[in-house]
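So the sequences go chain by chain: P and Y. First residue of the first sequence? That's 1 in the numbering used here, and the numbers climb one at a time after it. First residue of the second sequence? That's 167 in the numbering used here, and the numbers climb one at a time after it.
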Amino acid sequence: MNDFVVNTGLEDFNITINRSNKILVNDNEREVELSKLSDFSYLLKVDDKVYHITSEKNNSNNYSFFIDGFSYDVSVRTLLEDKAHELLKNKAKDNHSAVVKSPMPGLVLKIKKKVGDTVEMGESLILLEAMKMENDIRAASSGEIKEIRVAENSAVEKNEILVVIG
Amino acid sequence: MFKKILIANRAEIAVRIAKACREMGITSAAVYSDADKESLHVRVANEAHHIGPSAASESYLVGEKIIEVAKRIGADAIHPGYGFLSENADFIKKVEDSGITFIGPSSQTVELMGNKTSARTLMKKNNVPIVPGTTEPIKSVEEAEKTALEIGLPVMLKASAGGGGKGMRRVDKIEDLKESLERAQNESLKAFSNDAVYIEKFIENPKHIEVQILGDKHGNYIHLYERECSVQRRHQKVIEEAPSPSLNGELRRKVTEAGVNAAKACDYHNAGTIEFLYDQNENFYFLEMNTRLQVEHPVTEFITGIDLVKEQIKIAYGEKLTIEQKDFTISGHAIECRIYAEDVDGNFAPSIGKIYHHRLPSGPGVRVDRGIDVLSDVSIYYDPMLSKLITWGKNREEALERMLRALGEYQIAGVKTNMHSYQWMLNHPRFLDLSFDINFLEDDFIPLLPGKWKEELPPKYDEVVAILASLLKNKDSKTKPQKITHSITNQWEN
């Protein structure tokens with residue numbers, strides 16, 4: 001018997017898998033049948049209803065699904081993983097430092113702040129040119145700027161750390 | 167008729183043009199950059215010619231290379247599609263000088279209408295109503311401030327050479343004018359190699375209505391009715407429909423007539439679009455003319471039955487229009503949704519990757535114009551539009567029902583898309599009761615980011631996907647679904 005805690009973005013579910021075709025969803029019994037059509041596509045039968053779902057695995061706890069025009073980013077954990085996750089989440093709250101990363105490859109046009117400046121969450125830090133548009137890169141948290149790792153007119157890669165806020 | 171047409175574009179529009187060529191028995195020659203070696207537009211053409219590195223500035227935007235290839239392969243015409251070189255008067259002039267036919271208007275017309283200030287001057291002279299503002303580019307900050315105060319704030323700054331929202335800024339406060347002007351000029355310089363910007367009054371909550379026209383080289387003009395493209399984000403259209411559900415017969419007559427007059431005023435030949443803003447007091451104002459095929463042309467094709475690309479080719483060859491205004495009327499209603507590779511909840515950051523799964527919708531009244539296929543790469547180099555989903559119905563309700571059904575059938579895996587957000591838009595009361603205007607998404611959708619818009623939709627498949635997630639996780643050790651890394655997004659980027 002395996003227990004899972006699942007979050008769909010809007011709702012939480014507790015799911016118990018007893019045998020492969022009989023499961024409990026929040027204590028309601030469901031009969032399920034899963035067919036894999038390809039690495040990215042599944043046919044799922046839940047009782048009498050049938051669903052064709054596109055699936056992408058992001059990591060062992062996160063999947064993206066697409067069904068009938070609706071997309072879902074779903075996290076799934078075993079009971080044990082869920083407890084560990086809660087613990088880590090509470091720990092993270094005590095730590096204020098945050099890094100601002102580049103969301104896409106681009107060119108740094110202008111740096112609007114300097115090390116030591118205090119910024120509010122959402123405040124504009126850097127003007128980045130990408131896809132021919134000028135984009136404001138904003139602070140992901142409030143605090144003091146500890147570090148600026150890029151210079152004006154330099155090219156940055158996706159996910160490159162631009163600014164460290166402490 | 168032409169023997170061979172070089173298609174100076176990529177993605178869905180290059181595919182669309184290749185289809186028209188094939189139907190007409192014309193050889194289609196695709197061009198491609200490094201990144202597009204295996205792209206769909208190369209797969210569907212009769213010939214493919216490499217033109218350079220992935221960056222558009224070193225391939226699709228290099229007019230000399232394209233003309234050189236056209237000469238070398240014996241193409242007798244060049245179709246520019248939209249974007250890239252399609253409205254570049256210098257390029258068109260060079261094509262004309264090379265003896266190859268450009269499928270579009272003359273370079274003089276493009277120069278005249280591509281420059282928004284000279285277009286405004288010409289329209290004013292020909293009694294096509296324009297938005298109050300300057301008909302000359304701004305020369306100084308002081309002059310801009312003086313004009314802004316004269317016509318009243320808020321005002322819009324727009325690139326004279328512009329289009330597509332680039333180099334365009336709204337100014338609400340006079341003290342913001344200087345910085346906005348610099349930004350608009352900067353963006354304009356980068357996008358169009360020209361920093362001229364003009365100023366016009368900001369029209370409150372208008373709708374965007376545009377008229378499709380066809381003109382031949384013998385002075386014959388027809389209109390193919392109008393499209394409404396009021397659902398926009400940052401001046402990029404998201405949903406387009408034809409006809410406009412907001413107009414009655416008399417208003418339709420008025421705007422289509424203004425469209426034909428505008429085309430005549432600039433001696434236009436080709437397919438063209440005259441864009442208008444339509445305000446709350448039933449006034450139309452000329453916004454700009456697009457001297458090319460539009461992204462949203464399929465909705466017009468659906469309601470008129472006319473193939474716009476074939477008409478463009480016949481007109482360029484010098485044929486007279488064979489269709490007269492009295493030969494057709496509006497048949498039913500069509501809607502287009504643009505499918506973008508983007509992360510809606512990550513501030514619309516482009517999502518890049520490989521398309522691993524692609525199930526197309528089909529059935530009555532459904533059309534997909536696409537630039538992707540299975541195993542296509544979606545790269546950072548180009549516009550993130552993957553495809554366009556267009557549906558037709560006997561009226562707006564049926565077109566909408568079919569759109570929702572088709573969106574349900576359409577599956578793409580490998581990149582994030584904006585498809586889910588159409589469930590919110592197409593079911594929204596303001597979209598259904600026609601009270602939407604060009605600020606619809608800005609006013610009602612953007613404040614619900616990230617994620618809150620999903621809460622406004624009835625929960626539908628949460629339990630189903632929760633079950634699937636637990637089943638997949640449960641047998642993770644046995645079967646390993648493909649892992650995909652998405653472009654990570656910064657939620658404060660905008």
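Backbone N, C-alpha and C define an ideal beta-carbon position, used for all residues, glycine too. Nothing here was measured: the structure is a model prediction, and the numbers come from that model.
Where Ser587/Y is concerned, the enclosing alpha helix (DSSP H) starts and stops at Met585 to Leu592. Within the region 67-92 of chain P, the residues whose Cβ lies closer than 9 Å to some Cβ of chain Y are Ile67, Asp68, Gly69, Phe70, Ser71, Tyr72, Asp73, Val74, Ser75, Val76, Arg77 and Thr78, listed in chain order. For the C-beta of Arg30/P, the chain Y residues within less than 8 Å are, from N- to C-terminus, Ile633. Each residue's CA atom was taken as its position, placing Glu454/Y and Glu567/Y some 32 Å apart. Taken through DSSP and simplified to helix, strand or coil, Cys432/Y comes out as coil.
For Ala572/Y against Leu555/Y, the beta-carbon gap comes to about 6 Å, under 8 Å, which counts as contact. Residues of the region 604-633 of chain Y with a Cβ closer than 9 Å to any Cβ of chain P, in chain order: Gly617, Lys620, Glu621, Leu623, Pro625, Lys626, Tyr627, Asp628, Glu629, Val630, Val631, Ala632 and Ile633. According to DSSP, residue pairing for Trp558/Y in a beta bridge involves Ala500/Y. Under the DSSP assignment, Tyr483/Y falls in the alpha helix (DSSP H) whose first and last residues are Leu474 to Tyr483.
According to DSSP, Val397/Y shares a beta bridge with Ile405/Y.
Residue pairing by DSSP places Pro516/Y opposite Glu508/Y in a beta bridge.
Scanning the region 229-261 of chain Y from its first residue to its last, the whole alpha helix (DSSP H) runs of 4-plus residues come out as 229-239. Judged by their CB atoms, Tyr434/Y and Thr283/Y are not nearer to each other than the 8 Å cut-off. In this structure, Ile496/Y is the residue among Ala357/Y, Ile496/Y and Ile244/Y with its C-alpha nearest to the C-alpha of Phe468/Y. Under the three-pair Cβ rule at 8 Å, the region 630-645 of chain Y counts as touching the region 59-76 of chain P.
For Ile161/P, no chain Y residue has a Cβ inside 8 Å of its Cβ, as the nearest lies near 11 Å away.
Excluding residues up to 5 positions away in sequence, Cys503 and Leu573 lie with their Cβ nearer than 7 Å to the Cβ of Tyr588/Y in the same chain. When DSSP states are grouped into helix, strand and coil, Asp27/P belongs to the coil group.
Contact annotation: Thr470/Y and Leu390/Y have beta-carbon atoms nearer than 8 Å. For Ser60/P, the neighbours in chain Y by C-beta distance under 8 Å run, in chain order, Lys639 and Asp642. Scanning chain P for C-beta atoms nearer than 9 Å to the C-beta of Tyr522/Y yields Ser38, Asp39, Phe40 and Glu56, reported in chain order. Under the 8 Å criterion on CB atoms, Arg568/Y is classed as non-interfacial with respect to chain P. Residue contact with chain P for Ser225/Y: absent (no Cβ-Cβ distance below 8 Å to any residue of chain P). Here Arg286/Y carries a helix assignment [DSSP, helix/strand/coil]. Gly574/Y belongs to the set of residues whose beta carbon lies under 8 Å from a beta carbon in chain P. Within the DSSP bridge table, the entry for Phe450/Y names Tyr444/Y as partners. Counted as a single uninterrupted DSSP element, the alpha helix (DSSP H) harbouring Ser273/Y occupies residues Ser273 to Gly280. With contact defined as three or more Cβ pairs closer than 8 Å, the region 369-382 of chain Y and the region 438-454 of chain Y are in contact. By the C-beta criterion, the region 300-315 of chain Y is judged not to be in contact with the region 514-524 of chain Y, since fewer than 3 inter-stretch pairs fall below 8 Å. Looking at the DSSP output, Met1/P shares a beta bridge with no other residue.
Beta-carbon to beta-carbon, Thr54/P and Gln577/Y are separated by about 5 Å, close enough to satisfy the 8 Å threshold. In the three-state scheme derived from DSSP, where H, G and I count as helix and E and B as strand, Gln460/Y is classed as coil. His207/Y and Asn605/Y have their C-alpha atoms some 34 Å from each other. Remark: C-beta atoms of Val337/Y and Leu319/Y approach each other more closely than 8 Å.
Our two residues, Gly116/P and Glu144/P, have alpha carbons roughly 6 Å apart in a direct line. When DSSP states are grouped into helix, strand and coil, Leu573/Y belongs to the helix group.
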